[in-house]
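To keep things clear, I will list the structure first and then write my remarks on it.
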Amino acid sequence: MPGTQKKILGEERRELILQWLKTESKPMTGSELSKRTNVSRQVIVQDISLLKAKNEPIIATSQGYIYIQNPSQTTVHQRIIACQHTPEDAEKELLLLVDHGVLVKDVTVEHPVYGELTASVMIQTRKEVETFIEKIQETNATYLSQLTDGIHLHTIEADTIKKLNAACLALEAEGYLVSNE
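In UniProt numbering, the protein residues as written are 1 to 181.
Below is the structure:
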């Protein structure tokens, strides 16, 4: 048919996806990849799974797919924190963290049936918080923490321990940080 774009098939498509993810500085959505290759989003999900099975360091975030490049020379400090709050406070919690220069890598809950459930979020800016909250609202999705009365873990990262400490103090001041006591 004139005017229709040809599907990019199999291995060639996965190589293109890999190339795009490696060179893109921002996350790429499944929809964007599906448009570029003229296949369904489900085919892209399968392609990403096949690439991950080949040990390609691709992660799915709330903003799209990211290829994790070789770690840079900068020192990264990481901490796992326990938090508890209502769904209405999720945005405030995330903003407190990113405003202190912290990357929120993931969220983990302990589910009574499935065990530990972890979702990659990779949020580091106010814009990414805004996009994440909009997606939750648009899709009517629930936060993982709603499965556990608001209790959840975050893996957070920053280039200094001072930033991690300041972020934790801010969470504690709001009553979001679960203490060891």
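Ideal Cβ positions, reconstructed from N, Cα and C, are used throughout, including at glycine.
| query | result |
| --- | --- |
| GLU15, buried or exposed, once every other Cβ within 10 Å from all chains shown has been counted against 16 | exposed |
| Distance between LYS162 and GLY3 (C-alpha atoms, nearest Å) | Model confidence at GLY3 stands at a pLDDT of 43, short of 50, so the residue's coordinates are unreliable and nothing is read from them. |
| Counted within 10 angstroms of its Cβ, other Cβ atoms place HIS111 as buried (16 or more) or exposed | exposed |
| Straight-line gap, TRP20 to THR29 (C-alpha atoms, nearest Å) | 11 Å |
| Segments assigned alpha helix (DSSP H), at least 4 residues, entirely inside the stretch 34-72 | 41-53 |
| Straight-line gap, TYR143 to ASP159 (C-alpha atoms, nearest Å) | 28 Å |
| Close-in-space but distant-in-sequence residues of the same chain around ILE80 (CB under 6 Å, 5 per side omitted) | LEU153, THR155 |
| Where ALA82 sits in the DSSP three-state scheme | strand |
| Check whether GLN78 and VAL178 have beta carbons under 7 Å apart | no |
| Backbone CA spacing between SER40 and ARG13 [nearest angstrom] | 12 Å |
| N- and C-terminal bounds of the alpha helix (DSSP H) containing GLY10 | 10-23 |
| Proximity winner among GLU24, ILE17, ILE48, LYS22, relative to ARG36 (alpha-carbon distances) | ILE17 |
| Between the CA atoms of ILE58 and ILE66 - distance to the nearest angstrom | 6 Å |
| Per DSSP, cross-strand counterpart(s) of HIS111 | GLY115 |
| Residues sharing a beta bridge with SER120, DSSP | ASP106 |
| Start-to-end residues for the beta strand (DSSP E) that takes in GLU93 | Not the beta strand (DSSP E): GLU93 falls in the alpha helix (DSSP H), residues 90-99. |
| DSSP beta-bridge partners of GLU157 | GLN78, LEU103 |
| Delimiting residues of the alpha helix (DSSP H) encompassing residue 182 | Missing from the structure shown is residue 182; the chain here goes from 1 to 181 and no further. |
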